Amino acid sequence: MVSPTSVSICDEHDRIPVRNDENTYAVNHEASATLDSTKAFEGPEKLLEVWFAPDRYNLPRSMARDGLKSVPREMWEDMLGLVHCKVLSFIGTAEMDAYLLSESSMFVFPHKLILKTCGTTTLLAGLPRLLDIACVHTGYPAGMEPWRVFYSRKNFMFPDRQKHPHRSWKDEVKYLDAHFSNGSAYMVGRMNSDHHWYLYSAKRDATSSVKADPVVADGRFEDETLEIIMTGLDQEKAAQFYNDRIVSETTSDCDASSASSDDLDPGHAGGAEITTKCGLANLYPFSRIDSFSFSPCGYSANGVTDATHNYFTVHVTPELGCSYASFETNVPSSVAGMNSLDVVSYVVGIFGPSQFSVTMFETRATKNSFVNACTERSPPAEIPGYTRIDRIVYELDEYDLVFLAFEKTEA
Numbered sequence: 000m001v002s003p004t005s006v007s008i009c010d011e012h013d014r015i016p017v018r019n020d021e022n023t024y025a026v027n028h029e030a031s032a033t034l035d036s037t038k039a040f041e042g043p044e045k046l047l048e049v050w051f052a053p054d055r056y057n058l059p060r061s062m063a064r065d066g067l068k069s070v071p072r073e074m075w076e077d078m079l080g081l082v083h084c085k086v087l088s089f090i091g092t093a094e095m096d097a098y099l100l101s102e103s104s105m106f107v108f109p110h111k112l113i114l115k116t117c118g119t120t121t122l123l124a125g126l127p128r129l130l131d132i133a134c135v136h137t138g139y140p141a142g143m144e145p146w147r148v149f150y151s152r153k154n155f156m157f158p159d160r161q162k163h164p165h166r167s168w169k170d171e172v173k174y175l176d177a178h179f180s181n182g183s184a185y186m187v188g189r190m191n192s193d194h195h196w197y198l199y200s201a202k203r204d205a206t207s208s209v210k211a212d213p214v215v216a217d218g219r220f221e222d223e224t225l226e227i228i229m230t231g232l233d234q235e236k237a238a239q240f241y242n243d244r245i246v247s248e249t250t251s252d253c254d255a256s257s258a259s260s261d262d263l264d265p266g267h268a269g270g271a272e273i274t275t276k277c278g279l280a281n282l283y284p285f286s287r288i289d290s291f292s293f294s295p296c297g298y299s300a301n302g303v304t305d306a307t308h309n310y311f312t313v314h315v316t317p318e319l320g321c322s323y324a325s326f327e328t329n330v331p332s333s334v335a336g337m338n339s340l341d342v343v344s345y346v347v348g349i350f351g352p353s354q355f356s357v358t359m360f361e362t363r364a365t366k367n368s369f370v371n372a373c374t375e376r377s378p379p380a381e382i383p384g385y386t387r388i389d390r391i392v393y394e395l396d397e398y399d400l401v402f403l404a405f406e407k408t409e410a
């Protein structure tokens with residue numbers, strides 16, 4: 000992941016080629032060749048999910064058949080310019096478009112958008128543009144609020160370096176409340192620890208004057224999202240996310256508009272090598288992975304599963320003193336042949352953090368609930384080599400949330 004001060008906002012010649020076929024892969028060689036992570040400092044990401052329907056089959060009748068997936072990529076790139084990040088590459092499937100960004104990732108589904116950005120990016124500054132795109136381009140009813148909204152982040156390492164509206168949690172909540180009428184804000188975890196977590200959630204007001212089409216009743220759809228946030232990475236394990244590639248001081252020789260999808264630049268080639276060596280490629284072997292190795296250090300990856308809406312994303316800032324890694328997925332544990340605790344153990348083993356937190360969102364219709372297991376008197380939520388210091392459970396409308404915090408056990 001790279002600081003926005005080291006890259007420019009999307010210029011016209013930086014755009015990746017627009018393709019309409021599914022299962023595609025495209026690389027922005029122009030942006031990829033000139034990225035430098037030297038100035039990276041703030042690993043913890045801001046994470047926004049905006050749902051316009053519970054799934055692609057319950058979109059409002061006025062919306063385009065493919066919903067948000069019908070939006071041209073250049074329109075998303077313009078929105079990302081407001082956030083201060085740019086597209087490095089893209090994986091397209093029938094169910095989603097996965098964008099690897101200079102500052103983390105974006106996933107576009109017919110019915111929802113997930114945007115995750117690190118550093119001093121101004122993620123929420125892109126929210127008005129996102130809502131405008133949904134109404135003007137896809138036909139989402141004007142004046143109708145999204146079906147669900149989630150915004151979350153870990154406490155920042157360097158909060159004084161953030162820009163409006165991210166200078167404080169109070170400012171972020173005020174900004175979100177200006178756009179949504181039925182929001183709730185939470186702080187989860189110990190305020191005097193390095194691992195507490197902020198959450199804002201909003202749902203469409205049932206009393207809204209704008210009549211919505213009928214949608215799936217609350218609690219009848221299945222959704223789960225697992226996020227692992229890690230700090231104090233083991234130095235030997237963090238070393239694999241460094242490289243000695245020299246960043247180009249000029250533009251790439253390969254024009255992004257004519258780039259072959261098979262013609263990987265050094266950043267993507269290095270990312271693919273790291274993905275295999277660190278073991279991430281073995282976690283979900285049935286997925287396609289788009290990854291990037293920043294210079295002199297840092298790593299990002301998106302993984303998607305064809306013909307499903309499942310994804311995972313990983314981001315690493317390995318610098319000593321502010322090392323950080325995150326992992327997020329909506330792949331059901333039953334599909335992966337593992338339970339959620341197995342996934343946590345595997346990912347934590349790759350990075351060896353001194354501290355980490357786990358959040359799991361689940362709808363109450365989710366089978367083999369991890370949240371339910373964690374509410375038992377003796378929950379199976381132990382990780383070898385770590386001591387659990389927090390377990391907090393919330394009920395949020397049709398979702399359950401569990402927050403777990405761990406510290407490395409002293410030898």
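Residues 0 to 410 (numbering that gives the first Met the number 0) make up the sequence shown, in order. Even for Gly, the Cβ is constructed at its ideal location relative to N, Cα and C. All of these numbers come straight from a predicted model, not from anything done at the bench.
Here the C-alpha atom of Gln234 lies approximately 20 Å from the C-alpha atom of His194. For the 7 Å CB-CB criterion, His136 and Arg55 do not form a contact. Within the same chain, and ignoring the five residues on either side of Leu232 in sequence, the residues whose Cβ sits closer than 7 Å to its Cβ are Pro317, Ser322, Ala324, Phe350, Gly351, Pro352. Around the beta carbon of Ala300, 16 or more other beta carbons lie within 10 angstroms, which makes this residue buried.
Annotation for Thr362: no alpha helix (DSSP H) segment contains it, though the beta strand (DSSP E) segment containing it runs 354-362.
Taking C-beta separations shorter than 6 Å and ignoring five residues to either side along the sequence, the partners of Cys277 in its chain run Gln239, Ile349, following chain order.
It is roughly 15 Å from the alpha-carbon of Leu99 to the alpha-carbon of Lys45. Uninterrupted alpha helix (DSSP H) stretches at least 4 residues long and entirely within the region 93-136 occur at 126-135, given in chain order.
By the Cβ-count criterion, His165 is buried, with 16 or more other Cβ atoms from all chains shown falling within 10 Å of its own Cβ.
Counted as a single uninterrupted DSSP element, the stretch harbouring Ile382 is not any alpha helix (DSSP H), since DSSP gives it neither H nor E. In this structure, the beta-carbon distance from Glu144 to Phe179 falls below 7 Å. Nearest C-alpha to Asp396 among Thr362, Ala404, Ile388, Pro383: Thr362. As for any alpha helix (DSSP H) of minimum length 4 sitting wholly inside the region 274-362, the runs are 332-335, 339-350, ordered along the chain.
With a threshold of 16 other beta carbon atoms within 10 Å, Glu381 falls short and is exposed.
Pairwise C-beta distances place the region 389-406 in contact with the region 185-194, as three or more of them are shorter than 8 Å.
Under the DSSP assignment, Trp50 falls outside any alpha helix (DSSP H), being part of the beta strand (DSSP E) whose first and last residues are 45-50. Annotation for Glu406: the continuous beta strand (DSSP E) segment containing it runs 398-407.
Sixteen is the threshold: when 16 or more other Cβ atoms of the shown chains lie within 10 Å of the Cβ of Glu48, as they do, the residue is buried. Tyr197 and Phe157 have their C-alpha atoms some 16 Å from each other. Counting other Cβ atoms within 10 Å of its Cβ, Lys115 reaches 16 or more and is therefore classed as buried. Taking 7 Å as the cut-off, the Cβ atoms of Arg152 and Met78 do not count as close. Under a 10 Å Cβ-count criterion, Asn191 is classified as exposed, with fewer than 16 other Cβ atoms of the shown protein chains found around its own Cβ.
Here Trp196 carries a strand assignment [DSSP, helix/strand/coil]. The beta-carbon distance between Leu87 and Ser101, rounded to whole angstroms, is 6 Å. This is short enough to meet the 8 Å contact definition. Per DSSP, reduced to three states, the secondary structure at Tyr174 is helical. Under the DSSP assignment, Val187 falls in the beta strand (DSSP E) whose first and last residues are 182-187.
Residue environment: Ala133 is assigned as buried (16 or more neighbouring CB atoms within 10 Å of its CB, all protein chains considered). The three-state reading of DSSP puts Arg60 in coil, since its state is none of H, G, I, E or B. Sixteen is the threshold: since fewer than 16 other Cβ atoms of the shown chains lie within 10 Å of the Cβ of Pro284, the residue is exposed.
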